[in-house]
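Read top to bottom, the protein sequences are chains A and B.
Under this note's numbering, the first residue of the first sequence carries the number 94, and numbering increases by one thereafter.
Under this note's numbering, the first residue of the second sequence carries the number 184, and numbering increases by one thereafter.
Where is the CB? At the ideal position from N, CA and C, for every residue including glycine.
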Amino acid sequence: MAISVAAKKPPVAVLRFKKIFKDKGKLRGFIAVMGFFLLWQAGSMGLFPFMKAIPTPVIVIQVFWDFLYQPVYWQSWMESFLRVAYGFIAAQIIGIPLGLGMGWNRNFKDFTYPLFELMRPIPPLAWVPVSILFWPTNETSIAFITFIGAFFTIVLNVLGGVSSIPKELVNSAVSFGASPRQIFWRIVLPATIPSIATGMMVGIGITWNVVIAAEMIAGNAGLGRLTWEAYLAGHTAGIIVGMVSIGVAGFVSSYAVKIISDWLMPWKKIF
Amino acid sequence: MPDKSENANGNTASPKGELEIRNIEKIFRIPGCEATMALKDCSLTVERGKLTVLVGPSGCGKTTLANIIAGYDTPTSGQVMLDGTPTRSASPDRIMVFQETALWPWMTVKKNVTFGPSVIGGITQSEAEKKAMGLLEKVGLVEFSDNYPAQLSGGMQRRAELCRALLMEPKVMILDEPFRGLDVMTRELMQEYLLKLYGETGLTMFFITSEIDEALFLADRIMVMTQLPGTIKTIVEVDLPRPREFSVTASEAYAKHKAKVMDSLYEEGLKSFGQLEGGGRECTYNPAVTS
């Protein structure tokens with residue numbers, strides 16, 4: 094059955110290209126992305142009247158390159174990242190124990206849950222004015238608002254996680270002689286980790302939403318502020334650079350959270 | 184604590200216990216529903232070192248009874264006696280193997296099996312691990328001892344769970360339809376594994392199932408349970424020789440016992456379809472409910 098094929102090999106670049114796009118799905122995605130940039134280019138060059146104020150992708154890339162050499166750009170990254178980190182970490186430190194407590198202790202839940210549900214529907218941005226009154230500096234106000242953004246989500250997820258632990262997992266631990274303390278640390282807490290991870294994942298997304306909006310309203314620095322100031326200055330390419338940067342920042346943070354959750358749950362990433 | 188650790192140690196005279204259930208009654212009161220009597224005047228004895236099987240139609244209160252024996256639920260009236268003393272909350276002398284796998288997904292197989300000793304102490308972790316590996320070897324799971332439960336097939340998970348229970352050397356081992364949901368082949372293999380382990384340990388076992396063949400193959404004694412409210416209807420002594428192999432299912436004695444259990448169970452099965460009087464269902468009018 095062995096048939097030797099002595100065909101001439103195509104150049105390496107073509108081979109590599111073929112290899113990447115052997116997967117039809119990837120090829121389709123590639124076409125869509127290229128199509129988007131082509132349409133943008135054509136639109137900005139006059140094809141779509143509503144886009145006439147928007148610079149072409151080529152100009153945006155040039156401007157982006159210039160931004161990369163400006164310290165103020167990286168400072169904006171730093172500012173926003175720190176705000177997200179403070180709010181997000183505070184929300185985990187306060188929210189996770191609170192959710193666990195509410196799920197673990199009926200009395201504690203009876204006390205706290207109604208108040209929690211009363212506050213939860215208030216959108217984080219509605220806290221902006223009060224937050225400015227509460228806190229001495231703009232910086233703490235913004236961190237507080239990002240905290241609010243992640244806090245309710247994480248508490249709700251942890252509470253849901255504790256409540257949905259299969260009864261058998263706890264019951265059998267009781268049978269095997271575990272004390273309530275051992276059940277909490279060795280059964281309830283690990284069983285809740287997947288819900289904590291979900292809460293963190295959703296929470297980090299909300300945190301970025303909130304921090305950008307808060308910076309536009311009350312900030313004096315950060316990626317949100319950078320974008321807003323570009324708008325005020327009529328610097329349209331700068332607006333787009335800001336938008337893209339925020340997108341990248343959100344992506345990087347989500348990825349970091351994913352790495353942390355995978356590390357917390359070795360039993361989940363096994364196949 | 185020391186009385187608990189003795190089980191894991193295995194240094195008590197005999198780990199085998201005798202379980203006696205006296206006139207248990209269980210009524211569930213759900214708001215907005217008619218109160219349901221799940222168990223009524225239910226009495227039975229699980230003899231020391233014997234494998235007693237409880238058979239009954241689905242929804243007859245078998246799991247309720249198992250939960251009461253294990254100590255996860257309390258009877259409305261009646262008592263569960265273990266070696267002559269009334270039982271209280273769940274404890275390592277009554278270990279339950281559940282319908283769905285109850286292995287802790289974040290622990291490896293070895294950690295699951297040694298969980299008991301690790302919380303109650305009594306023996307060192309290395310001793311516990313040695314014992315665990317011995318048990319896992321018997322069921323062919325040694326090479327999977329560092330895997331997580333999700334990496335195991337259904338049958339392997341059930342075997343690991345048997346090991347976890349056996350390591351505790353409980354006075355009574357309660358198995359609540361442990362092989363439900365497994366395919367026929369795996370199920371038969373699991374039954375053979377169980378008989379092998381039972382033969383080696385001689386622990387008192389209380390096995391719950393809705394499958395007649397499973398009951399006959401495993402049991403020293405079969406108890407047939409009635410429809411809701413559940414109580415013991417018939418007791419069939421299964422005097423088939425041990426160790427048993429599957430060829431036993433072709434014997435005449437097997438057929439005779441099977442007919443006996445079938446007759447009794449068939450009648451109850453009909454009731455559950457409401458074809459005979461007295462078929463009680465949850466949340467519907469139940470003439471048996473008096474209070």
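Which of the three DSSP states, helix, strand or coil, is assigned to residue i?
| i | result |
| --- | --- |
| A:I134 | The question names Ile, but residue 134 of chain A is Gln in the sequence shown. Helix at A:Q134. |
| A:N198 | coil |
| B:L386 | coil |
| A:K119 | helix |
| B:K416 | strand |
| B:L365 | coil |
| A:M127 | helix |
| B:T297 | coil |
| A:A349 | helix |
| B:M290 | coil |
| B:M220 | strand |
| B:N250 | helix |
| A:K361 | coil |
| B:Q282 | coil |
| A:N326 | At residue 326 of chain A the sequence reads Ala, which differs from the Asn that was named. Coil, per DSSP. |
| B:Q308 | helix |
| B:V322 | coil |
| A:P259 | coil |
| B:S434 | coil |
| B:D329 | coil |
| B:Y376 | helix |
| B:C243 | coil |
| B:A343 | helix |
| B:Q334 | helix |
| B:A191 | Caution applies to B:A191, whose pLDDT of 42 falls short of 50 and renders its modelled position unreliable; the value that the coordinates give is listed next. In the structure shown, B:A191 sits in a helix (DSSP, three-state: H, G or I). |
| B:Y381 | helix |
| B:A398 | helix |
| B:P426 | coil |
| A:D355 | helix |
| B:R370 | helix |
Give me the chain B residues within the contact set of residue i, using Cβ-Cβ distance strictly less than 8 Å, ordered along the chain.
| i | result |
| --- | --- |
| A:Q275 | V302 |
| A:I280 | W287 |
Are there any heavy atoms of the ligand ATP lying less than 6 Å away from the beta-carbon of residue i, as far as the coordinates show?
| i | result |
| --- | --- |
| A:N250 | In the structure on display, the ligand ATP does not appear, and there are no ligands present to speak of. |
With a cut-off of 8 Å on the beta carbons, I'd call residue i and residue j a contact; round off their distance for me.
| i | j | result |
| --- | --- | --- |
| A:A342 | A:F174 | 7 Å |
| B:A348 | B:M356 | 6 Å |
| A:I289 | A:G254 | 7 Å |
| B:G299 | B:M339 | Not a contact, Cβ separation roughly 20 Å. |
| B:G254 | B:S241 | That belief does not hold up - the Cβ atoms of B:G254 and B:S241 are roughly 24 Å apart, past 8 Å. |
| B:V280 | B:P353 | That pair is no contact at about 10 Å. |
| A:G315 | A:E308 | 4 Å |
| B:R231 | B:G200 | 7 Å |
Chain A partners of residue i, CB-CB under 9 Å?
| i | result |
| --- | --- |
| B:E283 | P259, E261 |
| B:A311 | In chain order: nothing, as chain A lies at least about 12 Å away. |
| B:M351 | S268, F269, G270 |
| B:I278 | S265, S268, F269 |
Quick one: list the residues of chain B neighbouring residue i, beta-carbon separation under 7 Å, in chain order.
| i | result |
| --- | --- |
| A:W360 | P288, W289, Y331, A333 |
| A:P283 | W289 |
Have a look at the DSSP bridge pairing and note the partners of residue i.
| i | result |
| --- | --- |
| B:C225 | B:I207 |
| B:T235 | B:F389, B:R404 |
| B:M198 | Residue identity differs from the one stated: residue 198 of chain B is Pro in this sequence, not Met. Looking at the DSSP assignment, B:P198 forms no beta bridge with any residue, so it has no partner. |
| B:R277 | B:V355 |
| B:P269 | B:M264 |
So with CB distances below 8 Å, who are the chain A contacts of residue i?
| i | result |
| --- | --- |
| B:G299 | F269, G270 |
| B:S328 | The premise fails here: B:S328 is roughly 15 Å from chain A at the closest Cβ pair, so nothing lies under 8 Å. |
| B:A164 | Since the first residue shown for chain B is 184 and the last is 474, residue 164 of chain B is missing from the structure and cannot be characterised. |
| B:A253 | N264, S268 |
So which residues on chain B does residue i lean against when the C-beta distance must stay under 9 Å?
| i | result |
| --- | --- |
| A:N200 | The contacting residues do not exist; A:N200 stays about 20 Å from chain B at best. |
| A:P142 | Chain B residues near A:P142: none, gap ~56 Å exceeds 9 Å. |
Jot down the residue ranges of each uninterrupted alpha helix (DSSP H) in the stretch 184-250 of chain A, minimum 4 residues, whole runs only, in chain order. 199-212, 221-227
Segments assigned alpha helix (DSSP H), at least 4 residues, entirely inside the stretch 139-175 of chain A: 150-160
In chain order, each alpha helix (DSSP H) run of at least 4 residues that lies wholly inside the stretch 285-335 of chain A: 316-325
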